[in-house]
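So for the sequence shown, the numbering used here puts the first residue at 3; every next one is plus one.
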Amino acid sequence: MGAVQLGTASELLAGTYVAEPRQRVRVVRSSAREQPSGSPFRQDMKALRRQSDWESRTDAKVPAPAEIATRLGIAEGELCVRTTYEFLADGKPVQLSTSWEPYAVTGGTLVVLPEGGPHAGAGVVNRMAEIGVTISHAVEQPEPRHATAEEASLLGIQKAALVTHIRRTYYSDEGRPVETADIVVPAAHCEIVCEIPISR
């Protein structure tokens, strides 16, 4: 009987490996989920029995770039309040968001800082209500794309991994855009579910 020839170490290690499946986080998109207290993200994480939190940074009086100005119906360079968010589930990032609000709407009020003051973290709808602005609806435009290098680093995903980019804009009952945001959700870690309220 001939000798059995063993392969090299690299050949022996070659093969197919299956990563342990990771439970995707459910992200619900619905205007009906705006609550007087608490955030929709926190509700989603509570339903999944996960700890939720977010980190944010606000910069006041930031000139609006061209695209943001168009979405808000203001002149390019007009001042805005910009807030960046990193949403966490069990301490791991699962969603990014950058929000823009016209300084002309909230400047000089108690709600000028989305995550500061007596109405910190109350959400756009509830904060705007405090200054007499009624939100009538929001428009969301989702599209798939590849993560930028910065997004991949913040979300802990591979470079150019698939994400869903959602452009969301809130409108007042007078038809004025009062906030717009870019929301980035990694496809591998999250599933997006849309709730559609039915009026009877």
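Each residue gets a CB set at the ideal place from its N, CA and C atoms; glycine is no exception.
The model shown is predicted, which means the values in this text are computed figures rather than measured ones.
Boundaries of the beta strand (DSSP E) around Leu-98: 94-104.
Annotation for Thr-171: Arg-73, Val-141, Pro-179, Thr-182 place their beta carbon closer than 6 Å to its own, counting only its chain and skipping 5 residues before and after.
DSSP lists Ser-101, Arg-170 as the bridge partner or partners of Ala-183. For Asp-61, the pairing in a beta bridge is given by DSSP as Arg-84. Relative to the Cα of Thr-150, the nearest Cα in the group Gln-143, Pro-144, Gln-160 belongs to Gln-160. No residue range can be given for Glu-78, since it is assigned to no beta strand (DSSP E) and is classified by DSSP as neither H nor E. By the neighbour-count definition (other C-beta atoms within 10 Å, threshold 16), His-148 is an exposed residue. Straight across, the Cα-Cα distance linking His-139 with Ser-174 is about 7 Å. Nearest to Asp-92 by alpha-carbon distance, out of Trp-56, Trp-102, Pro-104, Val-127, is Trp-56.
A straight line joining the alpha-carbon of Pro-120 with that of Gly-110 spans about 14 Å. Annotated three-state conformation of Leu-90 is strand, per DSSP. Between Val-96 and Cys-192, the CB-CB gap stays under 7 Å.
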